[in-house]
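Participant: One structure, pasted below without further comment.
There are 2 protein chains.
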Amino acid sequence: MRWEDLPEQQCSMARTSVVLGDRWTLVILSDVFLGVRRFDDFQKRLGISRTTLANRLRLLEEHGVLTQRQYEDRPPRFEYRLTEKGLGLYPAIIALLDWGDEHYSDEAGPPILRRHKTCGHDFHGVMHCSECGEAVNPRDVEARKREPDDRFPEVKRGPLTYAS
Amino acid sequence: MRWEDLPEQQCSMARTSVVLGDRWTLVILSDVFLGVRRFDDFQKRLGISRTTLANRLRLLEEHGVLTQRQYEDRPPRFEYRLTEKGLGLYPAIIALLDWGDEHYSDEAGPPILRRHKTCGHDFHGVMHCSECGEAVNPRDVEARKREPDDRFPEVKRGPLTYAS
DNA sequence: TAAGTTAGTCCAATATCTGGACTGAGTCGA
DNA sequence: TCGACTCAGTCCAGATATTGGACTAACTTA
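From first to last, the protein sequence lines stand for chains A and B. With the first letter of the first sequence counted as 1, position 17 gets the number 17 in the numbering used here; the numbers rise by one all the way through. Numbers given in the numbering used here equal positions in the second sequence, counted from 1, plus 164.
Here it is, written out as C-alpha cells:
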C-alpha cells in the first residue's frame with residue numbers, strides 16, 4: 001500500500017499521518033507554535049531544504065492546518081499562520097514535546113520551557129478524560145470499532161499490556 | 165541538513181521526530197496501543213511493505229519504545245511490546261487520534277471509539293496543566309529557551325496568534 | 001508428506017529528499 | 001542610480017528511502 005492510500009483506511013491515525021507523518025512536519029509545526037511564521041525563518045532555524053519546506057507548507061495549507069496571510073504590501077509578502085484546525089494540534093504537540101523533554105534532555109534539562117501564564121508555573125501536559133475529568137492511564141482505556149468493517153481486518157489480540 | 169542530524173538540535177521535537185517522524189511509525193504505534201504485537205498482523209492490517217515494517221520496528225526497538233519478547237519456544241517466536249518509555253507516548257497518540265476523529269470522520273462518526281473504563285464513558289483527551297490542573301489553552305502558554313544557544317538562532321517573532 | 005504459519009531478507013523499480021544555484025520583486029543606504 | 005540586501009520561492013541532478021513481490025528458514029498441523 002502506498003502512503004497516499006492511507007486515508008482510505010478506517011483509522012484516524014492513518015488519516016492524521018498523511019498530514020503529519022513525515023520527517024519535518026512536526027518540527028515545522030512546533031516552530032509555528034513558537035511564533036515562527038516566515039519561510040526563511042523556518043529554513044534557517046531548521047536547516048531543512050527549501051524544496052522540502054515549500055512542499056510541507058503547501059501540504060499543511062492544503063489540509064487547512066495553516067493559512068497564508070499578507071503582512072506586507074510592497075513587495076507582497078505572506079506569512080503562515082495556524083487555522084483553528086491547526087490550533088487543535090496543540091495537545092499533540094505538547095505531548096510529543098513533553099515526551100522528548102523526558103527522554104532526550106541532557107543533564108541541564110529541557111532546551112525549551114513552557115510556562116502556563118494562567119498559573120505562572122512551568123508545566124507539562126497531563127491528559128485527562130473529557131467525561132469524568134480524571135487523568136487517563138493507558139490501561140484504563142478500552143478501544144472498540146464503531147462497527148465491523150472488512151477493510152480493517154481483525155487480528156488475534158489481547159488486552160493492552162506492556163513489557164516490564 | 166539531514167534527518168539523522170536532527171537530534172543534534174536543541175529542540176525536543178527534532179529529537180522526537182527522529183523516532184516518530186515518518187509515514188508509518190505513528191500508525192504502527194497506534195496499532196500497538198490497540199494490542200497488535202506481531203509482525204504479520206501489523207503487515208496485514210496496515211498493508212505496509214515488509215521491508216519498511218522491519219526497519220520501523222527495529223528503529224522503535226533501538227530507541228527503547230518497543231521490546232521483543234518470546235511468546236513461543238518451538239519455533240522461537242517474538243512479539244513486540246511497549247516499554248515504559250513507549251507507554252509514555254499514549255497522550256500523544258490519544259491527541260493525534262482525537263484530532264483525526266474530529267477532522268476526518270465521516271457522517272457516522274469516528275471509526276474507533278475509546279472508552280474510559282474508570283468512568284464508563286466514551287471520551288476524548290483534554291490536555292491539563294501539571295501544576296494547576298486546569299485545561300491548557302494554547303494562548304495561555306509562553307515558551308522560553310533554557311538559555312541562549314547559538315546553534316538555535318533567534319528569529320523575529322511575536323506572541324502566539326493565529327489566523328481567524 | 002504437503003500445506004500452512006510466522007518473521008523476516010533480498011531485489012530492482014519508483015518516489016522522495018538533498019544542497020546549491022538561481023529567479024524575481026522590491027528595499028535600503030550612499 | 002548603483003550595488004548589496006531581503007524574502008519566498010523554483011529548478012536540477014545526485015543521493016536516499018520506499019515499494020511490491022519473491023524468497024528463505026524453522027517449525028506445526030492435517
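Beta carbons: idealized from backbone N, C-alpha and C, even for Gly.
Kindly say whether ASP313(B), judged by its beta-carbon, lies nearer than 9 Å to any beta-carbon of chain A.
Facilitator: As a first step, residue 313(B) is located in the second sequence; it is residue number 149 there, counting from the start. Residue confidence is low: ASP313(B) scores 47 on pLDDT, short of 50, so the model does not pin down where it sits. Its coordinate-derived value is still stated next. Closer than 9 Å: yes.
Participant: Using a Cβ-Cβ cut-off of 6 Å (strictly less than) and excluding sequence neighbours within five positions of SER176(B), which residues of its own chain qualify?
Facilitator: Numbered from 1 along the second sequence, position 12 holds the residue referred to as residue 176(B). Closer than 6 Å at Cβ, skipping near neighbours: no residue.
Participant: So for PHE78(A), helix, strand or coil by DSSP?
Facilitator: For the purposes of this step, residue 78(A) is taken as residue 78 along the first sequence, with counting starting at 1. Looking at PHE78(A) - three-state DSSP - the assignment turns out to be strand.
Participant: By DSSP, does ALA108(A) sit in helix, in strand, or in coil?
Facilitator: Numbered from 1 along the first sequence, position 108 holds the residue referred to as residue 108(A). Three-state result, ALA108(A): coil.
Participant: Please confirm whether ASP237(B) has its beta-carbon closer than 9 Å to some beta-carbon of chain A.
Facilitator: The residue labelled residue 237(B) in the question sits at position 73 within the second sequence. Not closer than 9 Å to any Cβ of chain A, the Cβ of ASP237(B) fails to qualify, so no.
Participant: Starting from the Cα of VAL300(B), find the closest Cα among ALA54(A), ARG115(A), TYR104(A) and give me that residue.
Facilitator: On the second sequence, position 136 is the one that residue 300(B) refers to. Ranking the options by Cα distance to VAL300(B), first place goes to ARG115(A).
Participant: Say whether chain B places a C-beta atom closer than 9 Å to the C-beta of PRO76(A).
Facilitator: On the first sequence, residue 76(A) is found 76 positions in, with the first residue counted as 1. With 9 Å as the cut-off, PRO76(A) does not count as an interface residue toward chain B.
Participant: Checking 9 Å against the spacing of the C-beta atoms, do ILE93(A) and PHE42(A) come in under that value?
Facilitator: Position 93 of the first sequence holds residue 93(A). Position 42 of the first sequence holds residue 42(A). Contact flag unset, no.
Participant: What does the alpha-carbon distance come out to for the pair HIS267(B) and PRO240(B)?
Facilitator: Position 103 of the second sequence, counted from the first residue, corresponds to residue 267(B). Position 76 of the second sequence, counted from the first residue, corresponds to residue 240(B). Straight-line Cα distance between these residues: approximately 43 Å.
Participant: Looking only at its own chain, which residues have a Cβ that is under 6 Å from the Cβ of PHE123(A), when we skip the five neighbours before and after it?
Facilitator: One-based indexing of the first sequence puts residue 123(A) at position 123. For PHE123(A), where only same-chain residues beyond five positions count, the Cβ hits under 6 Å are HIS116.
Participant: Please go through the same chain and pick out, in chain order, the residues whose beta-carbon is closer than 6 Å to the beta-carbon of HIS227(B), but skip the five residues on each side of it.
Facilitator: Here residue 227(B) is taken as the residue at index 63 of the second sequence, counted from 1. So the qualifying residues of the chain are VAL183.
Participant: Using 10 angstroms around the beta-carbon of SER213(B), count the other beta-carbons present and answer buried if the total reaches 16, otherwise exposed.
Facilitator: Taking the second sequence and counting its residues from 1, the one referred to as residue 213(B) is at position 49. Flag for SER213(B) reads exposed.
Participant: Cβ of ARG310(B) within 9 Å of Cβ of GLY100(A)?
Facilitator: Here residue 310(B) is taken as the residue at index 146 of the second sequence, counted from 1. Here residue 100(A) is taken as the residue at index 100 of the first sequence, counted from 1. In this structure, GLY100(A) does not lie closer than 9 Å to ARG310(B) by Cβ.
Participant: ALA92(A) touches chain B at which residues, Cβ-Cβ below 7 Å?
Facilitator: Locating residue 92(A) in the first sequence gives position 92, counting from the first residue. Residues of chain B passing the Cβ test: ALA256, ALA259, LEU260, TRP263.
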